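Just below is one structure, and these are the notes that go with it.
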Amino acid sequence: MRVVLDRNRGGAYLMVAVAGIGMFGVFLFLTYHLQLVLGFTPLATGLAFLPLVVMLVVGAILAGSALLPRWGARTLAVAGLVVAASGAASFTFIDSGSAYASAILPGLVVAGTGFGLIFGPAMNLATLGVRPDDSGAASAMVNAAQQLGAAFGTALLNTIAVSATAAHRAADPETTDSAVQSLIHGNTVAYWATSAILLSGALVCGMLIRPRRVTPPAGSSDSAAVASS
Numbered sequence: 027m028r029v030v031l032d033r034n035r036g037g038a039y040l041m042v043a044v045a046g047i048g049m050f051g052v053f054l055f056l057t058y059h060l061q062l063v064l065g066f067t068p069l070a071t072g073l074a075f076l077p078l079v080v081m082l083v084v085g086a087i088l089a090g091s092a093l094l095p096r097w098g099a100r101t102l103a104v105a106g107l108v109v110a111a112s113g114a115a116s117f118t119f120i121d122s123g124s125a126y127a128s129a130i131l132p133g134l135v136v137a138g139t140g141f142g143l144i145f146g147p148a149m150n151l152a153t154l155g156v157r158p159d160d161s162g163a164a165s166a167m168v169n170a171a172q173q174l175g176a177a178f179g180t181a182l183l184n185t186i187a188v189s190a191t192a193a194h195r196a197a198d199p200e201t202t203d204s205a206v207q208s209l210i211h212g213n214t215v216a217y218w219a220t221s222a223i224l225l226s227g228a229l230v231c232g233m234l235i236r237p238r239r240v241t242p243p244a245g246s247s248d249s250a251a252v253a254s255s
């Protein structure tokens, strides 16, 4: 528990867990939209997420090597969560007629950038000041926090989306078009919930993490590997 109870390390694990909730929420409901509404194949859907992944890796490398010494982990964590929340909120405006390039791609770029800003500082804080014999556990907790956030977020957000979809469908069960609109409505509610969770995480992490600057360790590009795992 001495590893987790440190304020900075606890904040690092929390921000990774919240980012996991947000990231997998975006993946899940955009997958529904791309395949069921826009008719993308599974392969095309996977390729459609590449801009988010690319921006996530680039953002993690820049945050860990260039931005962290200048702005500090707390600033980057809060900024990353707010930017990611903005990207998630942008998906609430898509509908059945929205094109990928104009309505979805910009949100993927914004969300990916926000998630990238989170993972660089998180990896740094997770191992900062830890005892040598605890370094493996401290580093492994980053992946554990991300997986826990992803599992919890997928279950919670999918429940919210399914409930909203069912309620919308019950109000107009007759038309085929209503099924599509109900799905979009449920996804929209889930995007708002995702954005709210990310903003709440920004508030809590901003209060939890100490406002001090930290120097990135040698080989800080490893943060990108953590972000993409």
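If you use our numbering, the sequence shown corresponds to residues 27 to 255, in order.
Note that the Cβ used here is the ideal one computed from N, Cα and C, for glycine as well.
The model shown is predicted, which means the values in this text are computed figures rather than measured ones.
Through-space distance from residue j to residue i, alpha-carbon basis
i	j	result
Thr153	His194	46 Å
Phe75	Ala115	17 Å
Gly142	Ala166	19 Å
Ala127	Gln61	15 Å
Gly233	Gly140	Looking at the sequence shown, residue 233 is not Gly but Met. When rounded, the distance between both Cα atoms is 19 Å.
Ser124	Gly113	16 Å
Ile87	Phe119	30 Å
Ala196	Ser189	11 Å
Val206	Ser91	44 Å
Ala187	Ala89	33 Å
Ala228	Pro68	33 Å
Asp121	Val42	30 Å
Val215	Arg236	33 Å
Met27	Met81	34 Å
Leu256	Leu225	There is no way to answer for residue 256, as the model of the chain reaches only from 27 to 255.
Gly51	Ala163	27 Å
Asp32	Gly155	10 Å
Thr241	Ala99	Legend: pLDDT at Thr241 = 46, less than 50; position of this residue unreliable, value from coordinates given subsequently. Distance between the alpha carbons of Thr241 and Ala99 is about 10 Å.
Val79	Gln172	16 Å
Leu209	Gly179	19 Å
Thr57	Ala177	17 Å
Pro77	Met49	13 Å
Ala219	His211	13 Å
Pro158	Leu94	23 Å
Leu40	Ala70	33 Å
Gly72	Asp160	37 Å
Spatially closest choice to residue i from the options, by CA coordinates
i	options	result
Tyr217	Asp159, Asp160, Leu102 and Asn184	Asn184
Leu64	Met41, Gln172, Ala129 and Val84	Ala129
Ala110	Ser221, Leu229 and Pro237	Ser221
Val84	Leu73, Ala38, Val135 and Met27	Val135
Ala148	Ile210, Pro95 and Val168	Val168
Thr191	Gly179, Ser204 and Thr180	Ser204
Gly4	Thr71, Leu131, Ala103 and Val108	One cannot answer for residue 4 here, as it falls past the ends of the chain, which runs 27 to 255.
Trp97	Ile144, Ala171, Gln173 and Val44	Ile144
Cys231	Thr101, Pro132, Leu93 and Arg157	Thr101
Integer Cβ distance of residue i from residue j, believed to fall under 8 Å
i	j	result
Gly36	Gly175	Incorrect: roughly 14 Å between the Cβ atoms, too far for contact.
Asn213	Phe66	Asn213 to Phe66, Cβ: 15 Å. No contact.
Ala38	Leu151	4 Å
Val30	Ile223	Actually they do not touch by this definition, with Cβ atoms about 21 Å apart.
Phe117	Gly138	Between Gly138 and Phe117 the Cβ distance is about 13 Å, and since that is not below 8 Å, they are no contact.
Boundaries (first-last residue) of the alpha helix (DSSP H) holding residue i
i	result
Leu78	Leu76 to Leu88
Gln173	Ser161 to Ala197
Leu158	For the sequence presented, residue 158 should be read as Pro rather than Leu. That residue, Pro158, is in no alpha helix (DSSP H); it is neither H nor E in DSSP.
Ile47	Arg33 to Tyr58
Val104	Ala99 to Ser116
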